[in-house]
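In the numbering used here, the protein residues as written are 314 to 738.
We treat Cβ as the ideally placed atom computed from N, Cα and C, and that holds for glycine.
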Ligand code: ACO
């Protein structure tokens, strides 16, 4: 029997349908509430609001569970390649060998950007943040591929997945003042990212398998995370029927902020500051607990995970093995570990269920790989691309989807008459 919830407002009762998800998550459906009662719900920060029904990703924050299309992220990180996971997220099933080979061939075939687009990079100033470059370049792909009919949808998805990594690597080369490196068809998706970021024309470049594997795991762990800030942005923009490139470009901007994907850059900057300040971890833990300091422990806390972040657990191991195999001893990692140890037993963090999140370790791995700090959030964006695309596609394939348009409670001035300038003083 289907359940209902009851809302009593001004003595009137309203029955509201209850939706139960595959994993027994419960949602009270208020779709008709305003029409029937005149009232809306208020949920600033959307912590209690389900914006859609989705088949892509499942998270249980209390239990530390993350699954893509039903597959535990731990299994995907251990056994799959990023391109397989991208296919899974976008098309709903793991690819057969034939499907995967075709998908990879398409991604390889579309990985160069139009030569004219290289000129755009000349227009950006030298210190341009690569997230600004990435979002501008992704939006500008729509000027080269403006077709947005049903047939073009899949081609645009392939183009975006294939070209974003080339754009990201070019943004890095622009910052370094080095020549752009074209993608090489014999390399894997992750191998090509490394080659385009690190190779120089004057010498041979061999992809280090340790770095290639680490990149694969990092991209897989970032590939989707249901209705986070950037994915919700992609769905919000996509709901107006804006094209794929415009919608993803908006998602890239949302990811940039330090409370979201920008946290990986902020973590390293924080660790460097602590290091410069003599490595006094206790001082920074005390500051994080002091609300007047304006300081937070970057890489700690999560809106959804209140036990542990399963991605952080995997990355902690990857971090150790990458640093060991590369022979890197990074004092920032020692500070990070000390910070983690102190925070995990401090009652402030324990009571608020603040644990290291994915960004706490990813920054340290990127740094060991030689990726510049400003590129960290770009790497996150490359990983999140299949998730954003999958959500955009799910929304656009749903015949019942409507433009996203929240309401508000107005709390400003009541009606008043215009005051002429002379009377305003
Ligand atoms: N350091 C110190 N205190 C914190 C931290 C932190 N990193 N995070 C949360 N708190 C405290 C808050 O001050 C608040 O305390 P109070 O209840 O006494 O007022 C309590 O914990 C709850 O925090 P909120 O800000 O209400 O939690 P919210 O769910 O809104 O925010 C967020 C989650 C943005 C991730 C937050 O924990 C944060 O700012 N973390 C640091 C930035 C970060 O690492 N972001 C990456 C997130 S993961 C990702 O996007 C991939």
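Residue i: which of the options sits nearest, CA to CA?
| i | options | result |
| --- | --- | --- |
| residue 419 | 404, 380, 434, 472 | 472 |
| residue 375 | 633, 614, 317, 512 | 614 |
| residue 523 | 429, 607, 631 | 631 |
| residue 752 | 546, 552, 593 | One cannot answer for residue 752 here, as it falls past the ends of the chain, which runs 314 to 738. |
| residue 722 | 318, 729, 341, 355 | 355 |
| residue 306 | 732, 686, 720, 693 | This structure cannot settle anything about residue 306, because the visible part of the chain is limited to 314 through 738. |
| residue 534 | 323, 385, 447, 505 | 385 |
| residue 616 | 380, 584, 541 | 541 |
| residue 637 | 598, 681, 671 | 681 |
| residue 516 | 492, 501, 498, 477 | 492 |
| residue 359 | 665, 601, 736, 719 | 719 |
| residue 429 | 480, 398, 731, 543 | 480 |
| residue 487 | 607, 439, 579, 427 | 439 |
| residue 467 | 320, 423, 602 | 423 |
| residue 716 | 336, 365, 318 | 365 |
| residue 596 | 625, 449, 402, 651 | 651 |
| residue 625 | 658, 530, 548 | 530 |
| residue 544 | 527, 566, 645, 506 | 566 |
| residue 671 | 352, 526, 612 | 612 |
| residue 619 | 407, 497, 668 | 668 |
| residue 598 | 658, 550, 475 | 658 |
| residue 496 | 490, 483, 489 | 483 |
| residue 568 | 319, 694, 727, 507 | 694 |
| residue 455 | 520, 414, 559 | 559 |
I believe residue i touches residue j by the beta-carbon criterion, under 8 angstroms. Please report the beta-carbon distance rounded to the nearest angstrom.
| i | j | result |
| --- | --- | --- |
| residue 367 | residue 582 | No, residue 367 and residue 582 are not in contact; Cβ-Cβ is about 34 angstroms, not under 8 angstroms. |
| residue 587 | residue 648 | 5 angstroms |
| residue 395 | residue 503 | 6 angstroms |
| residue 536 | residue 699 | 5 angstroms |
| residue 679 | residue 692 | 6 angstroms |
| residue 562 | residue 452 | 4 angstroms |
| residue 372 | residue 539 | 6 angstroms |
| residue 676 | residue 578 | 7 angstroms |
| residue 470 | residue 403 | 6 angstroms |
| residue 601 | residue 609 | 6 angstroms |
| residue 704 | residue 369 | 6 angstroms |
| residue 520 | residue 489 | Not quite, the Cβ-Cβ distance comes to about 19 angstroms (not below 8 angstroms), so this is no contact. |
Helix or strand or just coil, what does DSSP make of residue i?
| i | result |
| --- | --- |
| residue 326 | strand |
| residue 379 | strand |
| residue 340 | strand |
| residue 353 | coil |
| residue 385 | strand |
| residue 318 | strand |
| residue 566 | helix |
| residue 617 | coil |
| residue 515 | coil |
| residue 373 | strand |
| residue 732 | coil |
| residue 520 | coil |
| residue 561 | helix |
| residue 533 | helix |
| residue 550 | helix |
| residue 641 | coil |
| residue 366 | coil |
| residue 648 | helix |
| residue 426 | coil |
| residue 716 | coil |
| residue 627 | helix |
| residue 332 | strand |
| residue 539 | coil |
| residue 738 | coil |
| residue 358 | helix |
| residue 721 | coil |
| residue 391 | helix |
| residue 501 | coil |
| residue 404 | helix |
| residue 345 | coil |
| residue 526 | helix |
| residue 256 | Since the first residue shown for the chain is 314 and the last is 738, residue 256 is missing from the structure and cannot be characterised. |
| residue 656 | helix |
| residue 419 | helix |
| residue 633 | helix |
| residue 399 | helix |
What do you reckon, is the C-beta of residue i under 8 angstroms from a heavy atom of the ligand HEM?
| i | result |
| --- | --- |
| residue 572 | This structure does not include the ligand HEM; its bound ligands are the ligand ACO. |
Let me see if you follow: with CB-CB separation under 9 angstroms, is residue i close to chain C or not?
| i | result |
| --- | --- |
| residue 671 | Within the model displayed, chain C is absent; a lone protein chain is all it includes. |
Whole runs of the alpha helix (DSSP H) within the stretch 431 to 493, excluding any shorter than 4 residues: Within the stretch 431 to 493, the complete alpha helix (DSSP H) segments at least 4 residues long are 431 to 436, 443 to 457, 463 to 489, listed from N- to C-terminus.
Which runs of the alpha helix (DSSP H) at least 4 residues long sit entirely within the stretch 660 to 711? Give them in chain order. When DSSP assignments are scanned along the stretch 660 to 711, the uninterrupted stretches of alpha helix (DSSP H) that are 4 or more residues long and fall wholly within it turn out to be 660 to 664, 671 to 682, 689 to 710.
Run through the stretch 573 to 619 for me and flag every whole alpha helix (DSSP H) of 4 or more residues, listed as ranges in chain order. Runs found: 576 to 589, 594 to 602.
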